[in-house]
Amino acid sequence: MKHTIGVLMENKPGVLSRISTLLARRNFNIDSITAGPTRNHDVTRMTVVVEGDEYVADNAAAEIAKLEDVTEIERMTAADSTSREIMLIKVKVGSKERSEIVDLAKVMGASIVDITETTLMLEHSDKPEKIDVLVGLLAAYEVLDMARGGAIALKTGE
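See the structure below:
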C-alpha cells in the first residue's frame, strides 16, 4: 500500500539528498519523491510516497522527522488530502489513431502539448490512479516515450 508523507524543511542545499539517502539506507521503498518551493522562500515542501504497511509508513515519517532541517512532517490519507501527479506521454499516430487519441484526451481531461505528422504528446495532471487509467488506455497504441512526475499533496481544509 502507498502512504504519503508531507515534509516541510529548511530551504538549504543537500536536504533532499539527506532525506532520500536516509530512506534508502533504511530500506524504505520510495515510490516517488518531489520537492519544491513554498510561499515562504526559506521553506521547501517535499512529498514522499512510500510503499508498505502502516508500520513502514510510521517509521519512515519518524526517521524523516529526526533530521535537523525538517520543521514539520504530516502523514496524509486520501480522505484528508489532495494529491496530484503530472505526466507527459508521446504516442505514435497515423491518421486513424490521431482522432481516436484526440477524443481520448478530451474525455480524460488531458491536453495535447505537441503534435507532428507521426506523433502526439499529451500532458495529464490528475490523481495517480487516473493517470494509470490513461496510461492503460494508451497502451493499445504505440507509446514512444513517457515521463511521469512524482506526487505532490496538501492536506485539505484549514
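Each residue of the sequence shown is one higher than the last, beginning at 1255 in my numbering. By construction, the Cβ of each residue, glycine as well, lies at the ideal position given by its N, Cα and C atoms.
Start and end residues, alpha helix (DSSP H) containing residue i
| i | result |
| --- | --- |
| residue 1382 | 1382-1392 |
| residue 1350 | 1349-1362 |
| residue 1312 | 1308-1319 |
Pairwise C-alpha distance: residue j and residue i
| i | j | result |
| --- | --- | --- |
| residue 1352 | residue 1338 | 27 Å |
| residue 1315 | residue 1327 | 7 Å |
| residue 1364 | residue 1333 | 25 Å |
| residue 1409 | residue 1350 | 43 Å |
| residue 1286 | residue 1304 | 7 Å |
| residue 1398 | residue 1342 | 11 Å |
| residue 1292 | residue 1261 | 11 Å |
| residue 1259 | residue 1378 | 23 Å |
| residue 1264 | residue 1405 | 20 Å |
Enclosing beta strand (DSSP E) for residue i [first to last residue]
| i | result |
| --- | --- |
| residue 1407 | 1406-1409 |
| residue 1298 | 1297-1305 |
| residue 1246 | This structure cannot settle anything about residue 1246, because the visible part of the chain is limited to 1255 through 1412. |
Residue closest to residue i, alpha-carbon to alpha-carbon, out of the options
| i | options | result |
| --- | --- | --- |
| residue 1381 | 1279, 1340 and 1291 | 1340 |
| residue 1357 | 1392, 1379 and 1331 | 1392 |
| residue 1282 | 1302, 1288, 1267 and 1295 | 1302 |
According to DSSP, residues forming a beta bridge with residue i
| i | result |
| --- | --- |
| residue 1258 | 1303 and 1330 |
Counting Cβ pairs, one atom from each stretch, are 3 or more of them under 8 Å apart for the stretch 1342-1354 and the stretch 1363-1374? Verdict: yes, contact present.
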